[in-house]
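The next block holds one structure in the form of structure tokens; read it before the comments.
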Amino acid sequence: MLTEKQKRFAESLEEELIQIRRHLHQNPEIGLDLPNTVAFVKEKLTEYGYEPQSCGESGITVLAGKKSGKTFLLRGDMDALPIRELTDLQFKSENGYMHACGHDMHTTMLLGAAKLLKEFEDELDGQVKLLFQPGEEILSGSKVCIENHVLENPKVDAGMMIHVFPFKGMMAGQIMPTPEGTFMASADWFEINIKGRGGHGSQPETAIDPINVAVHIYTALQELSAREIGSEERFVLTIGEFTGGTPGASNIIPETTVMKGTLRTLKEDVRIQVKERMTVMAENIAKAFRAEAEVVFTNGCTTNVNDPALTAFTKESLTETFGAERIVTIPISTPLMGSEDFGEISQLIPTTTVLLVASEENINLHNPAIVFDESVLIEGAQVYADTAMSWLKKG
């Protein structure tokens, strides 16, 4: 657990972390291309005494600890969302992007942990690797970092992530170690491209209407949960975008139609089965109407799994550091059907996820009006550092 001296040092960082968070919030970037964010984070890490290393195009890693031994990974994501902000904050984003999922908070907390770990580096019983990751929102950043050897040199033995969360009726700063096992669903983004034959609205018999084909495919996909997958299995298949035709041209049958959506599952075999059936259904329904359909799976990530031993240890350590009254049970049903690309790392090493109440409003993540409580920044930095230091100490 953190000592009183370490806690006081963390608390002394409050104003610095608020300013860092406001800078990041006001200047969001999305996806894997985060040049300004990367430059800012590297500058801070260098100021703290680190030598930042690139991990792919926009990932950043640093290493704390002078003693060889085990290595613990702490991960914070840096990317924002393509959402226009609707808050009244003085430091609101004006560039059409927004940190509506709290990644600015995560990056700031991890910077706070970095400064704390550097200050007490001589007391680390091993090493801590800090990963500032891009591209979480597009389910790609974790894979890129893995491909660029984030879990090697030195070999990483275990890791954790924090995610801020809004919970109405709960106090900001309450800490939620999450349950062991599968905690979050896998996710696959897909698009279904339907090609027909364009024509005049008055003569549909001379055309092949791709909108009609798409509607039949859409309806058929909803039957997967009702007729092909057992009722005991949870999965969510959502079409979130349906595009066909030309605005203002209601008398034209278009040549093509596109549907885009997401598939979320809790088991890999169900994930594989549903993806296979989606492809077969779309292609054959299109063929029945003399059209063509192609199902393309674009981005994706696997389930996020909490290692039982590490999860139990993390809860015990955080309870000892912060007190039992600060540790609460997640008040919603789990596993969550939301996804987190940290799951790719969770398949390779023991990991765990900790949620931190950072808003008491009844507003969900990804909402353009969500506001997070900056008072939890210090707490997040302490949660990161406490978990890593305590795990290394136990050997």
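If you're matching positions, the sequence shown starts at 697 in this note's numbering and goes up one per residue.
Glycine included, C-beta positions come from ideal geometry on N, C-alpha and C.
Measure the alpha-carbon distance for residue i versus residue j and round it to whole angstroms.
i     : j     : result
A982  : T902  : 17 Å
T1025 : T874  : 7 Å
E711  : A1020 : 27 Å
E1057 : Q749  : 38 Å
G996  : G772  : 19 Å
I925  : V966  : 8 Å
T699  : L826  : 21 Å
A1084 : N889  : 46 Å
N980  : A881  : 29 Å
Q1043 : K851  : 15 Å
K1090 : S1013 : 10 Å
A1054 : A984  : 52 Å
V1079 : E972  : 41 Å
W1087 : T952  : 55 Å
M794  : E1040 : 25 Å
L777  : E1036 : 14 Å
A922  : M977  : 15 Å
N844  : E743  : 25 Å
E848  : T999  : 22 Å
M697  : E1016 : 7 Å
T975  : E887  : 11 Å
D821  : L759  : 13 Å
S754  : I842  : 13 Å
A989  : I904  : 13 Å
S789  : T961  : 34 Å
T1007 : T1047 : 8 Å
L741  : G944  : 53 Å
Drop a sphere of 10 angstroms on the beta-carbon of residue i, count the other beta-carbons inside from all chains shown, and report buried for 16 or more, exposed for fewer.
i     : result
Q823  : buried
T757  : buried
I949  : buried
L1052 : buried
G831  : buried
A992  : First, the amino acid is wrong: residue 992 is Val here, not Ala. Its Cβ having fewer than 16 others within 10 Å, V992 is exposed.
A1005 : exposed
K864  : exposed
Q829  : buried
H802  : buried
V734  : buried
G761  : buried
E725  : buried
Q918  : exposed
P1027 : exposed
N947  : exposed
L770  : buried
S764  : exposed
L785  : exposed
A987  : buried
With residue i and residue j assumed to form a contact (beta carbons below 8 Å), what rounded beta-carbon distance in angstroms separates them?
i     : j     : result
D884  : L806  : With 8 Å as the limit, D884 and L806 do not qualify as a contact, their Cβ atoms being about 28 Å apart.
G892  : V909  : 6 Å
G957  : T934  : 5 Å
A706  : F768  : About 18 Å; that fails the 8 Å criterion.
R717  : L1073 : 6 Å
F879  : T1049 : 6 Å
V1068 : G798  : With the sequence shown as reference, residue 1068 is identified as Phe, and Val is not the correct amino acid for it. Right, the Cβ-Cβ distance comes to about 6 Å (below 8 Å), so this counts as a contact.
I714  : E1070 : 5 Å
G808  : L709  : 5 Å
G1034 : I858  : The Cβ separation is near 15 Å, so there is no contact.
L720  : T804  : 6 Å
V1001 : G869  : Wrong, their Cβ atoms sit about 27 Å apart, outside the cutoff.
Which residue or residues does DSSP assign as beta-bridge partners of residue i?
i     : result
D965  : According to DSSP, D965 bridges with nothing at all.
E876  : E876 is not bridged to any residue.
S838  : Answer is none; S838 lacks a bridge partner.
K825  : L759, L769
E937  : K956
D871  : Before going further, note that residue 871 is Ile rather than Asp in the sequence given. Paired residues: I1023, L1052.
A1084 : DSSP lists no partner for A1084.
M794  : L777
M856  : L770, T1048
F861  : V1053
V932  : R960
I949  : G895
Closest Cβ-Cβ distance between residue i and chain C: below 7 Å?
i    : result
A735 : Structure shown: chain C not included; a single protein chain is present.
Please determine whether the Cβ atom of residue i lies at a distance below 6 Å from any heavy atom of the ligand MN.
i    : result
Q969 : Within the structure as shown, the ligand MN is missing, as the structure has no ligands at all.
**Prompt:** Residue ranges of each alpha helix (DSSP H) run of no fewer than 4 residues wholly in the region 979-1053, ordered along the chain?
**Reply:** 1004-1018, 1039-1042
**Request:** Tell me the start and end of each unbroken beta strand (DSSP E) in the region 881-926 that is at least 3 residues and wholly inside, in chain order.
**Result:** 883-891
**Request:** Report the residue ranges of all alpha helix (DSSP H) runs contained in full by the region 717-757; include only those spanning at least 4 residues, in chain order.
**Result:** 731-743
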